[in-house]
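This note's numbering numbers the first residue of the sequence shown as 25 and each following residue consecutively. To keep things clear, I will list the structure first and then write my remarks on it.
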Amino acid sequence: MTILDPKPSLAIPPEPVGSLVVASRSIVLADRVIPGTVVMENGLIVAVEEDRVLAQAEDWGDDLLVPGLVELHTDHLEPHYSPRPKVFWEPFSAVFAYDAQIAAAGITTVFDSLRAGSDGDSVSLGARLFALGDAIERAKTTGLLRVDHHTHLRCEICSDDVLDQTRDYLERFDVRLMSLMDHTPGQRQFRDEGKLRDYYRGKKKGMSEAELDAFFAERKALHDRNALAHRRALVATGHDHRVALASHDDTTVGHVAESVADRVAVAEFPTTVEAARASHAAGLAVLMGAPNVVRGGSHSGNVSARELAEAGVLDILSSDYVPVSLIEGAFGIADIAAIGGLAGAIRTVTKNPADATGFTDRGEIASAKRGDIVRVRLVDGHPVVREVFRLGRRVS
Ligand SMILES: [Fe+2]
C-alpha cells in the first residue's frame, strides 16, 4: 500500500451561524406534519412553535420543511472519481463535485460508499481507494464541504484482497459502516444465475458462453476459498473498531440468522420478503434502494421495496446509485398505509438511518437536534429540493 505524504492543513475557521427562523404550513416532524415555525440558534434547533408564524420568520408558505436527509449507501462518489473505465479524475476535485450533487438532493449527512476488495465484475479501485479516502479527509478539513461526510466501506468478502484493504483503510480513516457483500453467481442478489448470464451476454460485456462459464467458475472458486473465513474476520474487525455492520442481499432466513449472530445493525437490500421479515423481526433496520421505489421494482429482479413497505418491514431507503431518488422515493411511499403517512415516509430517509448508525443528534425536527433542514416544493407530484441548510447554514 502506498502511504501518501501528509498534506498541510487547509482548515478554515467556521463562520458564526447566528439564528435562522423559518415558518411553513407543513413541517414534517417524526410523527406528524404541523404548521408552525422552527427556530435555530448557532446551528441547533431551539424551538418548534406549532400553529404560530413568528414575526421574524422567513415564511416558506406551502413549501414543506423536512429534516436533512441521511443517506447510508450511495455509490455516487466512485463514478465522480472514475467517470470512465481506467480514467481517474483528480480526487479532491471529484469529492467537491460529488458533495455538491449530494447536497442538492437534500442530503445533509452522507455515508460515502467505497468498495474494498475486487468483485471480479467492476474494476476495483485498488490502491486508489486510499487516494480517495485521503481526498475525503482533506476536503473535510477545509470546512467547505456542504454535507457531513462519513464512510461506508463495502467489503466484497470473496475477494483475495478484501482483508488487507479493509484493515489498512480502518487504520487510516474513520469508518462508520461496513457491509459484507457476496456477489457470487447463483447466490443472493444473483440467485437467478440465468439473469446474471443475460446481463453479461448483453452489450456491456459481450462475453462468449465459454468465457462466461470460466468467469462464473472462477467466481465460485473464490467464494469457496474465501467467503466463510473472510466474513468471520471482517465481522471481528468491524466490532473491534466499533463500526456498525450491514448485511447485504440476504435472501434466506439462514442468511438472516447468520447476520443476527454477527450483531449486524442494518439489513441492506434483502432480496426476498422472507429475509426482510426475519430481519425486521430480529430488530435489524431493513434498508432498500429508493430507485427500486421510483422505478417500480428491483433492477436485479428481486423483491420490490413497495412490497416490503406494504408488509410493514421497510425501515430505511437509500439512494444507492441516483442521489435524487432518496427524496423521490420517500414521497413515493407516503401513500402506503403501513408507512404512517408522510411523517413515516420521511422517517425512512432521516431518523431511521440516523438511529441505525448511532447519530442521535439529527434526523428529525425537534429541539436540541441539528439545524439540518430542507425546503421542498411539490411540483406535479414530484418533490423539488429548493434550499438546504446544514447546522443552520445554507449549503445548497
Ligand atoms: Fe448487491
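Beta carbons: idealized from backbone N, C-alpha and C, even for Gly.
query, result
"Classify G157 as helix, strand or coil using the three-state DSSP reduction.", "helix"
"Spatial neighbours of A302 within its chain, please: C-beta separation below 7 Å, excluding the five flanking residues on both sides.", "V277 and V280"
"Take the Cβ of P172 as the centre, count every other Cβ of all protein chains shown within 10 Å, and call the residue buried at 16 or more, exposed below.", "In the sequence as presented, Pro is not what sits at residue 172; that position holds Asp. Flag for D172 reads buried."
"Quick check: L187 and A257, are their CB atoms within less than 8 Å of each other?", "yes"
"From what residue to what residue does the alpha helix (DSSP H) around G60 run?", "Segment V57 to E65 is the beta strand (DSSP E) holding G60; no alpha helix (DSSP H) there."
"Whose CA, out of G405, V403 and R399, lies closest to the CA of V46?", "R399"
"Should the region 266-274 be called in touch with the region 201-209, which here means at least 3 C-beta pairs below 8 Å?", "yes"
"Are three or more beta carbon pairs between the region 338-352 and the region 92-105 nearer than 8 Å?", "yes"
"Hey, A314 and D344 are a contact pair by Cβ (cut 8 Å); roughly how many whole angstroms apart?", "7 Å"
"When the Cα of G336 is compared with those of R417, G321 and V310, which residue comes out closest?", "V310"
"For ligand 2, is there a heavy atom less than 7 Å away from the beta-carbon of Q211?", "Questions concerning ligand 2 fall outside what the structure shown contains, since the ligands it does hold are ligand 1."
"Comparing the C-beta of E282 with each C-beta of chain D, is any distance below 8 Å?", "Within the model displayed, chain D is absent; a lone protein chain is all it includes."
"Does the Cβ of Q213 have 16 or more other Cβ atoms within 10 Å, making it buried, or fewer, making it exposed?", "buried"
"Here's a check: name, in chain order, each residue in its chain whose Cβ is nearer than 8 Å to the Cβ of M231, leaving out the five neighbours to either side.", "Y224, R225 and F239"
"Answer with buried or exposed for L53, where buried requires no fewer than 16 other C-beta atoms within 10 angstroms of its C-beta.", "buried"
"Helix, strand or coil for F355 per DSSP?", "helix"
"Three Cβ pairs or more, each shorter than 8 Å: is that satisfied between the region 112-125 and the region 72-80?", "no"
"With distance defined between alpha-carbon atoms, name the residue in P91, T175, E161 and S117 nearest to R139.", "T175"
"My understanding is that E388 touches T374, with C-beta atoms under 8 Å, so please give their C-beta distance in whole angstroms.", "6 Å"
"Excluding sequence positions up to five away, which residues of its chain have a Cβ less than 8 Å from the Cβ of I357?", "V317, A329, R330, A333, L338, L341, I363, A369 and T372"
"Rounded to a whole number of angstroms, what is the C-alpha to C-alpha distance between D274 and V41?", "44 Å"
"Report the residue from G321, V327 and D286 whose alpha carbon sits nearest the alpha carbon of A299.", "V327"
"Give me whichever residues DSSP pairs with G368 in a beta bridge.", "Its beta-bridge partners do not exist; DSSP assigns none."
"Excluding the five sequence neighbours on either side, which residues of its own chain have a C-beta within less than 6 Å of the C-beta of D286, listed in chain order?", "V259"
"For Q189 versus L220, is the C-beta spacing smaller than 8 Å?", "no"
"Would you mind giving the Cβ-Cβ distance between H104 and W113, rounded to the nearest angstrom? I have them listed as a contact below 8 Å.", "7 Å"
"How many whole angstroms separate the CB atoms of D216 and A251, which I take to be in contact at a CB cut-off of 8 Å?", "The Cβ separation is near 19 Å, so there is no contact."
"Using the Cα positions of S48 and D404, report the straight-line distance between them to the nearest angstrom.", "20 Å"
"Hey, how far is the Cα of V408 from the Cα of A241?", "46 Å"
"Any chance you could list the beta strand (DSSP E) runs of at least 3 consecutive residues sitting entirely within the region 266-346, in chain order?", "268-272, 290-292, 309-313 and 340-342"
"Let's see if you can read the secondary structure: which residues bound the beta strand (DSSP E) around F135?", "I131 to A140"
"Quick check: the Cα distance between E282 and S43, rounded to an integer number of angstroms?", "48 Å"
"Using a Cβ-Cβ cutoff of less than 6 Å, which residues in the same chain neighbour M64 once the five nearest sequence positions on both sides are dropped?", "L44, G395 and G416"
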